[in-house]
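Position one of the sequence shown corresponds to residue 29 (our numbering), numbered consecutively onward. Glycine residues also receive a C-beta, built at the ideal position from the N, C-alpha and C atoms. Fair warning: this is a prediction, and the values are worked out from it, not measured in the lab. Notes follow once the structure below has been shown.
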Amino acid sequence: MKTLITEEQIREKVLNLAEIIANDNKSGKIHVLFVLKGAFIFCADVIRALCSHNLDVTVDYLIAESYSGKESAGEVKTYINIDIKGKEVLLLEDIIDTGRTIKTLKEKLLEMHPEHLKTICLLDKPSRRIVDIDADYVGFKIKDKFVVGYGLDYDEKFRYLPYIAEIE
Ligand code: IMP
Ligand code: MG
Numbered sequence: 029m030k031t032l033i034t035e036e037q038i039r040e041k042v043l044n045l046a047e048i049i050a051n052d053n054k055s056g057k058i059h060v061l062f063v064l065k066g067a068f069i070f071c072a073d074v075i076r077a078l079c080s081h082n083l084d085v086t087v088d089y090l091i092a093e094s095y096s097g098k099e100s101a102g103e104v105k106t107y108i109n110i111d112i113k114g115k116e117v118l119l120l121e122d123i124i125d126t127g128r129t130i131k132t133l134k135e136k137l138l139e140m141h142p143e144h145l146k147t148i149c150l151l152d153k154p155s156r157r158i159v160d161i162d163a164d165y166v167g168f169k170i171k172d173k174f175v176v177g178y179g180l181d182y183d184e185k186f187r188y189l190p191y192i193a194e195i196e
């Protein structure tokens with residue numbers, strides 16, 4: 029395994045993104061929806077970075093599953109049990125790969141009539157895209173490498189790493 033993005037780089041990026049998100053915010057409130065499981069650590073850091081910008085931050089979660097091992101299975105299974113009507117929502121993902129997960133979630137959330145819906149991902153692999161979608165806020169664009177750490181797993185392992193590593 030090789031370190032791709034250090035703890036320090038992630039910390040700086042999270043602070044930058046939080047500042048941009050806070051400046052774009054319209055209502056003074058933000059409802060952060062993170063996607064389990066991979067996004068839980070990124071979410072924890074983003075909501076704490078947002079709190080220094082005088083925003084009223086609330087948090088909820090969704091579940092989406094498409095991966096087994098290192099391969100995307102194609103079909104995206106979701107579990108969504110939330111109310112976002114009229115809310116300013118930020119959908120927070122760990123990584124966008126084929127784009128299927130974020131596209132499926134976005135479509136389902138828009139049917140629930142949020143006031144605004146924006147998306148953020150820590151990592152983006154544009155060269156892997158199968159469906160046409162991009163996040164509004166992107167941490168790092170990376171090459172087509174399988175990565176772990178900072179919440180991301182390989183068969184449930186390595187989520188605890190404080191940095192992003194690539195599996196060679
Ligand atoms: P997509 O639907 O293909 O965009 O896949 C998104 C999901 O696949 C992410 O939420 C991750 O859970 C998982 N995933 C994609 N690439 C990686 C990777 O390099 N490491 C770990 N998980 C990944
Ligand atoms: Mg995920």
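Asked: R102 burial status per 10 Å Cβ neighbour count (16 or more: buried); Found: Correcting the residue identity first, residue 102 is Gly in this sequence and not Arg. So G102 counts as exposed.
Asked: Coil, strand or helix - F186 by DSSP; Found: coil
Asked: Exposure of V117, with buried meaning 16 or more beta-carbon neighbours within 10 Å; Found: buried
Asked: Residue environment, D122, which counts as buried when at least 16 other CB atoms sit within 10 Å; Found: buried
Asked: Residue range of the alpha helix (DSSP H) that includes L32; Found: Careful: L32 lies outside any alpha helix (DSSP H), inside the beta strand (DSSP E) at 30-33.
Asked: DSSP three-state assignment for I58, whether helix, strand or coil; Found: strand
Asked: Through-space distance from G127 to D160, alpha-carbon basis; Found: 7 Å
Asked: Check: S94 C-beta below 7 Å from any heavy atom of the ligand IMP; Found: yes
Asked: heavy atom of the ligand IMP below 7 Å from E36 C-beta; Found: no
Asked: Residues bridged to L8 (per DSSP); Found: In the structure displayed, the chain extends from 29 to 196; residue 8 sits before or after that span and is not available.
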